[in-house]
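> Here the sequence shown stands for residues 9 to 337, numbered as in our numbering.
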Amino acid sequence: MANPVDLVEVWRGELLECVHQGHAVICDDTGEIVNAWGDPSAVIFPRSSCKMIQALPLLESGAGAHLSQEQLALSCASHQGAAIHTDRVGVWLKDLGMTDADFRCGPQVPGDKPARDALIRANEQPCQIHNNCSGKHAGFLTLNKHLGGGADYEKIDHPVQQAGKAAFEETTQETSPTYGIDGCSAPNHASTVHGLARAMAFFASAHDRSDLRSTSAVKLRDAMMAYPELVAGETRACTDLMRAMDGRVAIKTGADGVFVAIIPEKRLGVALKIRDGATRASECAIATILVNLGVLDVKHPAAIARMSPVLKNWRGFEVGQVRPAAALA
């Protein structure tokens with residue numbers, strides 16, 4: 009990744025202690041760059057930020073025609089394993105006539121503290137349904153049942169994943185140069201930052217078109233905006249910031265410093281990557297970009313908490329601050 013720029017600074021007292029560099033692109037509905045920082049052609053793994061793209065075949069195939077808006081939100085989610093997530097995924101599995109054993113995402117300790125503590129008190133181990141990607145994988149299972157594919161739907165050569173790759177390359181308008189295996193065992197296809205932003209702009213402008221892919225994109229992005237608590241969970245940046253924007257913008261984080269935004273009213277897509285993978289930096293950067301675009305109120309507590317959080321020591325004293333670098337601000 010050549011030519012990253014300073015995007016986020018961390019100050020302790022009067023000394024600049026840390027700088028997070030990265031790349032970011034704002035793209036319009038024609039696929040052109042409106043604004044950029046760093047190198048738009050930097051190749052990255054989108055990680056979980058592209059789940060709405062991975063969910064497109066679920067609707068385009070007709071497999072998900074019966075799914076509720078809540079289930080569509082979960083298909084795009086990186087949830088924290090709270091009851092509101094696992095209960096819904098459990099019902100979805102039951103409706104499919106399947107069990108936790110049909111998943112291929114692996115067990116994960118819930119990020120939700122009450123759910124985690126309940127497992128500890130019951131002396132139980134987490135299941136695959138607790139995995140933050142279990143909603144996405146429920147979507148994969150739904151598509152796989154429709155296609156009649158083999159049980160190992162996570163394999164790169166499986167029809168489910170081939171459909172996901174096609175959707176990814178067509179919406180980014182790029183041939184993916186490589187892929188990696190994500191934490192949930194599914195393939196994750198690489199793109200440029202520009203390509204990922206271009207895909208988000210496709211989702212942002214989908215309401216202007218009536219083709220099957222565009223109508224599917226509208227359903228997925230609208231589900232995310234309608235149910236931000238299912239996309240992530242309480243206290244999480246995706247949930248808090250989407251709530252702060254009153255259902256006008258869909259945003260999604262990805263591991264290792266990736267964030268995207270879909271802004272229908274402006275027909276803009278945003279993608280960013282923090283080079284060192286720091287979550288505090290990706291959250292600061294996306295909040296700053298959303299504020300600069302006029303869709304997030306800079307005074308909203310959710311914006312302040314991500315854009316310019318105060319650092320405190322263990323005694324509660326303010327000792328520093330995270331804030332956007334000059335180029336971004």
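Ideal placement from N, C-alpha and C gives every residue a C-beta, glycine not left out.
Because the structure is a prediction, the values reported are computed rather than measured.
(1) With a floor of 4 residues, list each alpha helix (DSSP H) that falls wholly inside the region 92 to 136, ordered by position along the chain.
(2) Decide if Leu-75 is buried, meaning its Cβ has at least 16 other Cβ atoms within 10 Å, or exposed.
(3) How big is the Cα-Cα spacing for Met-233 and His-166?
(4) Can the beta-carbon of Gly-70 be found less than 7 Å from the beta-carbon of His-138?
(5) Taking the runs of the beta strand (DSSP E) that are 3 residues or longer, which of them lie wholly in the region 266 to 308?
(6) Do Tyr-235 and Ala-73 have their C-beta atoms within less than 7 Å of each other?
(7) On the CB-based measure, 16 or more other CB atoms within 10 Å of its CB, does Arg-96 come out buried or exposed?
(8) If you count every other CB in all the chains shown that lies within 10 Å of the CB of Gln-62, and 16 or more means buried, which is it?
(9) According to DSSP, simplified to helix, strand and coil, what is Lys-163?
(10) Within the region 195 to 231, note down every full alpha helix (DSSP H) run reaching 4 residues or more, in order along the chain.
(11) For Gln-29, name the three-state secondary structure that DSSP assigns.
(12) Mapping the DSSP letters down to three states, classify Pro-12 as helix, strand or coil.
(13) Kindly confirm or deny that the region 259 to 274 and the region 283 to 299 touch, where touching means at least three C-beta pairs closer than 8 Å.
(14) Just mark Ile-259 as buried or exposed, buried being the case when its beta carbon has 16 or more other beta carbons within 10 Å.
(15) If His-87 sits next to Leu-238, beta carbons under 8 Å apart, how far is it from one beta carbon to the other, in whole angstroms?
(16) Assuming Glu-68 and Arg-221 make a contact with CB atoms under 8 Å, what is their CB distance in whole Å?
(17) Determine, using beta-carbon pairs with one atom in the region 271 to 285 and one in the region 191 to 210, whether at least three such pairs fall under 8 Å.
With the structure as the only source:
(1) Counting whole runs of 4 or more residues, the region 92 to 136 contains the alpha helix (DSSP H) stretches 121 to 129.
(2) Leu-75 should be labelled buried.
(3) Each residue's alpha carbon lies about 30 Å from the other.
(4) Annotated as distal: Gly-70 and His-138, with beta-carbon spacing of 7 Å or more.
(5) Whole beta strand (DSSP E) segments, 3+ residues: 266 to 271 and 276 to 282.
(6) No, the Cβ-Cβ distance between Tyr-235 and Ala-73 is not below 7 Å.
(7) When all chains shown are included, Arg-96 counts as buried.
(8) With 16 or more other CB atoms across the displayed protein chains lying within 10 angstroms of its CB, Gln-62 is buried.
(9) In the structure shown, Lys-163 sits in coil (DSSP, three-state: anything other than H, G, I, E or B).
(10) Secondary structure in the region 195 to 231: the alpha helix (DSSP H) runs of 4 residues or longer, each lying completely within the stretch, are 201 to 212 in chain order.
(11) Of the three classes helix, strand and coil, the one that applies to Gln-29 here is strand, per DSSP.
(12) Pro-12: coil per DSSP, three-state reduction.
(13) Inter-segment contact for the region 259 to 274 and the region 283 to 299 is present: three or more beta-carbon pairs are separated by less than 8 Å.
(14) Result: buried.
(15) Contact holds; Cβ gap of about 7 Å.
(16) With 8 Å as the limit, Glu-68 and Arg-221 qualify as a contact, their Cβ atoms being about 6 Å apart.
(17) Flag = yes, the region 271 to 285 and the region 191 to 210 touch.
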